[in-house]
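Step one of this worksheet: look at the structure below.
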Amino acid sequence: MERVRSQPHTVGLWATHIYLPVPAEIALDLPSGVEAESSPHLSLSKTLYLPRHHIEPMVNLLKSNLRGQSRFKASYIKWNLYQNEEQTRSFLALDVQGDGLAGLLKAVDSTVKAFGYPPFYQPPSFHVSVAWSTSQIELPSILAIPKETLAVDRV
Numbered sequence: 051m052e053r054v055r056s057q058p059h060t061v062g063l064w065a066t067h068i069y070l071p072v073p074a075e076i077a078l079d080l081p082s083g084v085e086a087e088s089s090p091h092l093s094l095s096k097t098l099y100l101p102r103h104h105i106e107p108m109v110n111l112l113k114s115n116l117r118g119q120s121r122f123k124a125s126y127i128k129w130n131l132y133q134n135e136e137q138t139r140s141f142l143a144l145d146v147q148g149d150g151l152a153g154l155l156k157a158v159d160s161t162v163k164a165f166g167y168p169p170f171y172q173p174p175s176f177h178v179s180v181a182w183s184t185s186q187i188e189l190p191s192i193l194a195i196p197k198e199t200l201a202v203d204r205v
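Here is the structure:
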């Protein structure tokens with residue numbers, strides 16, 4: 051299955067988003083048409099379409115805004131289903147909670163707003179997508195929640 055862009059390519063704009071990579075080894079028996087996420091991550095921004103001249107200044111401001119963020123642990127709390135804003139993709143995800151997530155989001159939102167981009171979804175729903183589909187996904191009735199803790203040592 052091939053991903054399709056939600057927004058057509060525009061010369062000079064770079065699609066990106068701000069996220070935390072998550073080491074997730076979650077074995078799932080996925081139905082036909084549902085793909086495992088190749089790079090599990092916890093998103094902290096919506097998709098941003100940056101002109102090249104915004105990339106370096108945004109990275110520098112983000113680094114500055116994240117200075118002083120403490121280490122923290124986060125836990126998976128439940129399975130959930132999500133759809134992108136355009137309703138073109140569905141995601142099977144693990145919701146996450148942790149004391150440091152709000153501080154990270156505040157730093158990211160402050161950064162993207164400084165460049166005129168929208169903040170993350172309100173209220174935020176912190177989650178790690180583990181599978182996706184271009185059609186509706188059914189939430190399997192019995193899924194174990196991984197017991198491991200996500201340790202965020204540095205951002």
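Going by this note's numbering, the sequence shown opens with residue 51, and the numbers climb by one from there.
Virtual Cβ for every residue (Gly too), placed ideally from N, Cα, C.
Just to confirm the assignment, what range does the alpha helix (DSSP H) spanning P107 have? Numbered from its first residue, the sequence shown carries residue 107 at position 57. Unbroken alpha helix (DSSP H) run through P107: 102 to 116.
Which residue marks the beginning of the beta strand (DSSP E) containing A143, and which one marks its end? One-based indexing of the sequence shown puts residue 143 at position 93. Looking at the DSSP string, the run of the beta strand (DSSP E) that includes A143 is 140 to 148.
Anyone know if the C-beta pair for S179 and A143 falls short of 7 Å? Numbered from its first residue, the sequence shown carries residue 179 at position 129. Numbered from its first residue, the sequence shown carries residue 143 at position 93. Yes, they are a contact pair.
Mind checking whether N134 and D145 have CB atoms under 7 Å apart? For the purposes of this step, residue 134 is taken as residue 84 along the sequence shown, with counting starting at 1. For the purposes of this step, residue 145 is taken as residue 95 along the sequence shown, with counting starting at 1. No Cβ-Cβ contact shorter than 7 Å links N134 with D145.
Have a look at Q172, Y167, Y171, A181 and flag the residue whose alpha-carbon is nearest the alpha-carbon of I105. Here residue 105 refers to the residue found at position 55 when the sequence shown is read from its first residue. Closest in alpha carbon position to I105, among Q172, Y167, Y171, A181, is Y167.
Helix or strand or just coil, what does DSSP make of T97? Locating residue 97 in the sequence shown gives position 47, where the first residue counts as 1. The answer is coil: DSSP assigns T97 none of H, G, I, E or B.
Going by DSSP, name the residue or residues bridged to Y167. The residue labelled residue 167 in the question sits at position 117 within the sequence shown. Paired residue(s): none; Y167 is not in a bridge.
Does the separation of the CB atoms of F122 and W182 fall below 7 Å? Indexing the sequence shown from 1 puts residue 122 at position 72. Indexing the sequence shown from 1 puts residue 182 at position 132. Judged by their CB atoms, F122 and W182 are not nearer to each other than the 7 Å cut-off.
Suppose the cutoff is 6 Å on Cβ atoms and the five residues either side in sequence are ignored; what does the same chain contact list for R53 look like? Position 3 of the sequence shown, counted from the start, is the residue given in the question as residue 53. Legend: pLDDT at R53 = 48, less than 50; position of this residue unreliable, value from coordinates given subsequently. Leaving aside the five residues that flank R53 on each side, none in its chain has a CB nearer than 6 Å to its CB.
Please classify L92 as buried or exposed, where buried requires at least 16 other C-beta atoms within 10 Å of its C-beta. The residue you call residue 92 lines up with position 42 of the sequence shown. Burial check for L92: the Cβ neighbour count within 10 Å reaches 16 or more, so the residue is buried.
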